[in-house]
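For reference, the structure discussed in these notes is given below.
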């Protein structure tokens with residue numbers, strides 16, 4: 004592998020990692036607050052991609068002239084709002100009634116919700132793959148020499164970084180973010196201090212789902228064939244990314260996503276390319292065996 | 005008569021009955037026969053998964069992976085390596101029976117070795133983590149098979165001899181039920197239940213929880229492997245995508261619907277679901293039904309998912325299961341309080 008090839012793969016890996024990071028953030032936040040894995044999260048990502056598919060031809064024609072660059076932004080924001088509402092609805096209908104039930108019950112419900120979104124999606128959108136409309140021109144950037152960086156890759160980076168900054172601001176600087184951290188730290192104490200747990204849980208689901216929706220749009224820009232089952236593997240891999248970074252840890256999820264994206268791209272470019280889908284799982288098993296708390300997580304001692 | 009004698013007699017009766025049914029099955033429409041065989045295979049799969057998920061409380065989402073190993077190993081052996089045996093003994097009823105039992109056992113043993121490999125990490129993981137890791141193992145097994153050219157890779161493996169009969173299917177199902185029930189009823193078997201109910205307390209009274217978890221995985225995987233062998237020699241063509249995540253979910257739904265930790269319930273749910281799903285094929289063809297109903301009937305996973313969600317909201321213990329002794333709230337510690345409280 005030459006140096007050029009190496010850097011090219013690195014760039015491709017980083018852009019794949021950006022999607023994983025966006026989805027992983029939702030897993031990590033929900034886990035932080037509720038201590039459970041929202042299996043349906045990858046499917047919210049899929050819904051995000053389909054929102055983009057249906058919104059683009061309806062919204063873009065309204066943005067002409069100097070407003071043209073705002074079109075994709077409008078699609079992105081509207082998609083994020085729709086996904087946030089979807090996430091909040093899922094939590095309200097399926098997870099909230101089970102909050103006092105054993106974890107397993109909630110996990111099974113989450114699998115049910117995930118299957119419902121996937122196959123309900125097949126029912127509504129059709130099972131055949133659709134090609135994602137051109138939200139923005141996809142060209143190689145000039146002046147990068149032998150390396151190819153496309154405009155969509157650049158856009159994915161910029162949007163991901165903006166969203167990460169916004170998220171960090173919300174979590175660290177706002178009252179809601181502070182309440183979120185309090186619930187994550189000790190829900191009972193937070194409730195006693197007057198934090199409304201239900202509001203915070205809804206807010207967390209909304210925030211995580213909005214990020215997943217954004218991830219869906221950005222992913223479809225680079226991989227324009229979308230279908231209702233597309234969320235399954237990116238969803239599970241993003242979960243691996245969240246565990247890799249230390250589940251419940253927000254910067255950890257971002258870093259874990261990037262690492263997983265880079266590793267996967269390098270494997271896909273090697274002789275073992277057909278094993279690409281097995282990499283994430285093997286990585287997960289290795290982390291859970293040797294460092295279950297992840298890179299940034301602290302191991303917790305279970306009290307009896 | 006003592007209870008354990010009744011169980012043995014029931015097993016014997018089931019085997020004789022399935023032998024008789026098999027003998028007279030010549031007249032049955034081959035489509036119905038196939039469904040009846042699938043029911044038996046699904047009962048075996050669901051009852052064996054129930055040992056892991058229901059009785060031992062280790063939520064596994066990778067049962068199709070064990071089934072795949074059993075199917076591929078037994079199909080490979082019976083297709084590629086049967087010539088030696090047939091040369092030595094001639095092709096007759098005896099040699100075929102010997103071969104079939106041997107390859108089924110080999111498939112079961114191969115799957116149980118995989119079960120051992122999955123069981124070991126499970127010692128350190130709980131609940132949702134374990135679920136995802138077993139899901140991952142199932143997918144890894146599928147990807148490895150897809151990349152193994154000796155068994156056809158992604159094209160699938162065809163030309164498997166059709167050895168599976170009603171007799172073999174239902175004898176295996178009866179044997180699985182017998183083994184699981186006897187095991188759980190035995191003094192040794194109570195250990196599985198204690199691991200599920202309270203692992204810390206179990207350890208405190210000197211139960212080797214590690215060994216129980218691994219035993220559950222190894223035994224459950226063994227029967228799944230045998231079921232896979234039966235499946236391969238029934239359809240005569242297998243494909244790695246037939247053993248994917250969705251297949252695992254199907255088996256999990258049977259266990260959940262029947263009630264985790266109820267062998268009878270789980271076997272009943274396996275029969276019910278297999279029949280229901282076949283029936284839906286007909287529903288999808290009924291002209292007089294509204295288009296919407298027919299399209300939903302075609303997409304059976306929508307029905308699975310709704311069954312799962314409704315069951316968890318209304319009757320989380322399944323049709324025949326019992327409620328767990330205590331509930332652990334989400335986001336809560338083992339000291340269950342009204343408020344979700346964390347342990348740190």
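Residue numbers (our numbering), protein chains in the order written: chain A, 4 to 307; chain B, 5 to 348. Every residue, glycine too, gets a C-beta built ideally from N, C-alpha and C. These numbers come from a predicted model, not from an experiment.
request  = Using the DSSP secondary-structure output, state which residues sit across from residue 143/A in a beta bridge.
outcome  = The residue given as residue 143/A occupies position 140 in the first chain. Residue pairing for residue 143/A: DSSP places it in a beta bridge opposite 153/A.
key: Chain-order list of residues whose beta-carbon lies under 6 Å from that of residue 117/A (same chain, five-residue window excluded)   = Taking the first chain and counting its residues from 1, the one referred to as residue 117/A is at position 114. Annotation for residue 117/A: 42, 43 and 46 place their beta carbon closer than 6 Å to its own, counting only its chain and skipping 5 residues before and after.
query = Pick from 139/A, 85/A and 121/A: whose alpha carbon is nearest that of residue 131/A?
reply = Position 128 of the first chain, counted from the start, is the residue given in the question as residue 131/A. It is 121/A.
ask   = Can you list the residues of chain A that residue 313/B reaches, using a CB-CB cut of under 8 Å?
value = Within the second chain, numbered from 1, the residue matching residue 313/B stands at position 309. Within chain A, the residues near residue 313/B are 97, 112, 115, 116 and 119.
message = With a threshold of 9 Å between beta carbons, is residue 156/B in contact with chain A?
response = For the purposes of this step, residue 156/B is taken as residue 152 along the second chain, with counting starting at 1. Not an interface residue.
ask   = residue 223/A and residue 52/A look like a contact to me (Cβ under 8 Å); what is the Cβ gap, rounded to whole Å?
value = Stepping through the first chain from its first residue, residue 223/A is reached at position 220. Stepping through the first chain from its first residue, residue 52/A is reached at position 49. At roughly 4 Å, the Cβ-Cβ gap stays under 8 Å, so residue 223/A and residue 52/A are in contact.
task = Taking all protein chains shown into account, decide if residue 125/B is buried (16 or more other Cβ within 10 angstroms of its Cβ) or exposed.
result = The count along the second chain starts at 1 and reaches residue 125/B at position 121. So residue 125/B ends up on the buried side.
ask   = Buried or exposed: where does residue 89/A fall if 16 or more other Cβ atoms within 10 Å of its Cβ makes it buried?
value = Along the first chain, one-based indexing puts residue 89/A at 86. That one is buried.
request  = Report yes if the C-beta distance between residue 26/A and residue 110/A is below 9 Å; otherwise report no.
outcome  = Reading the first chain from its first residue, position 23 is the one you call residue 26/A. Reading the first chain from its first residue, position 107 is the one you call residue 110/A. For residue 26/A and residue 110/A, no; Cβs fall outside 9 Å.
key: Candidates 31/B, 23/B and 42/B: closest to residue 235/B by CA position   = Within the second chain, residue 235/B is the residue found at index 231, counting from 1. Considering only alpha carbons, the answer is 42/B.
In chain order, each alpha helix (DSSP H) run of at least 4 residues that lies wholly inside the stretch 72-135 of chain A = Listed in chain order, the alpha helix (DSSP H) runs fully inside the stretch 72-135 of chain A are 73-93 and 106-128, counting runs of at least 4 residues.
Partner residues on chain B for residue 100/A, Cβ-Cβ distance less than 7 Å = Locating residue 100/A in the first chain gives position 97, counting from the first residue. Under the 7 Å cutoff, chain B gives 317.
request  = Taking only beta-carbon positions, decide if residue 249/A is within less than 9 Å of chain B.
outcome  = For the purposes of this step, residue 249/A is identified with residue 246 of the first chain, where counting begins at 1. No, residue 249/A lies away from the interface with chain B (no Cβ there is under 9 Å from its Cβ).
request  = Go ahead and label residue 54/A buried or exposed: buried means 16 or more other beta carbons lie within 10 angstroms of its beta carbon, across all protein chains shown.
outcome  = Position 51 of the first chain, counted from the start, is the residue given in the question as residue 54/A. Sixteen is the threshold: when 16 or more other Cβ atoms of the shown chains lie within 10 Å of the Cβ of residue 54/A, as they do, the residue is buried.
task = Find the nearest neighbour of residue 19/A within the set 221/A, 194/A, 249/A and 243/A, judged by alpha-carbon distance.
result = Against the first chain, residue 19/A aligns to sequence position 16. Minimum Cα distance to residue 19/A is reached at 221/A.
ask   = Can at least three beta-carbon pairs, one atom from the stretch 201-211 of chain A and one from the stretch 91-102 of chain A, be found at a separation below 8 Å?
value = yes
inquiry  = Counting only Cβ pairs nearer than 8 Å, list the residues of chain B close to residue 288/A.
reply    = Within the first chain, numbered from 1, the residue matching residue 288/A stands at position 285. Under the 8 Å cutoff, chain B gives 125, 137, 140 and 141.
query = Smallest Cα separation from residue 28/A: which of 296/A, 294/A, 282/A and 245/A?
reply = Within the first chain, numbered from 1, the residue matching residue 28/A stands at position 25. Out of 296/A, 294/A, 282/A and 245/A, 245/A has the C-alpha closest to the C-alpha of residue 28/A.
ask   = So what's residue 186/B in DSSP terms, helix, strand or just coil?
value = Taking the first residue of the second chain as position 1, residue 186/B is located at position 182. Looking at residue 186/B - three-state DSSP - the assignment turns out to be helix.
query = From what residue to what residue does the alpha helix (DSSP H) around residue 183/A run?
reply = As a first step, residue 183/A is located in the first chain; it is residue number 180 there, counting from the start. Taken as a continuous stretch (DSSP letters only), the alpha helix (DSSP H) holding residue 183/A covers 178-188.
ask   = Using 9 Å as the limit for Cβ to Cβ distance, is residue 201/B near chain A?
value = Here residue 201/B refers to the residue found at position 197 when the second chain is read from its first residue. Closer than 9 Å: no.
key: C-beta atoms of residue 234/A and residue 21/A nearer than 9 Å   = Position 231 of the first chain, counted from the start, is the residue given in the question as residue 234/A. Position 18 of the first chain, counted from the start, is the residue given in the question as residue 21/A. Going by C-beta atoms, residue 234/A is not nearer than 9 Å to residue 21/A.
Backbone secondary structure at residue 276/A - three-state DSSP = Translated into the one-based positions of the first chain, residue 276/A becomes position 273. Correct three-state label for residue 276/A: helix.
task = Whole angstroms is fine: what's the gap from residue 67/B's alpha carbon to residue 48/B's?
result = Residue 67/B sits at position 63 when you count from the first residue of the second chain. Residue 48/B sits at position 44 when you count from the first residue of the second chain. In this model, residue 67/B and residue 48/B are separated by some 12 Å (Cα to Cα).
query = Under the three-state reduction of DSSP, which class applies to residue 229/A: helix, strand or coil?
reply = Here residue 229/A is taken as the residue at index 226 of the first chain, counted from 1. If DSSP states are grouped into helix, strand and coil, residue 229/A belongs with the strands.
request  = Below 7 Å CB to CB, which residues in the same chain sit around residue 154/A once its five sequence neighbours on both sides are set aside?
outcome  = By one-based count along the first chain, residue 154/A stands at place 151. Cβ contact annotation for residue 154/A (same chain, cutoff 7 Å, sequence separation greater than five): 139, 140, 141, 142 and 144, in chain order.
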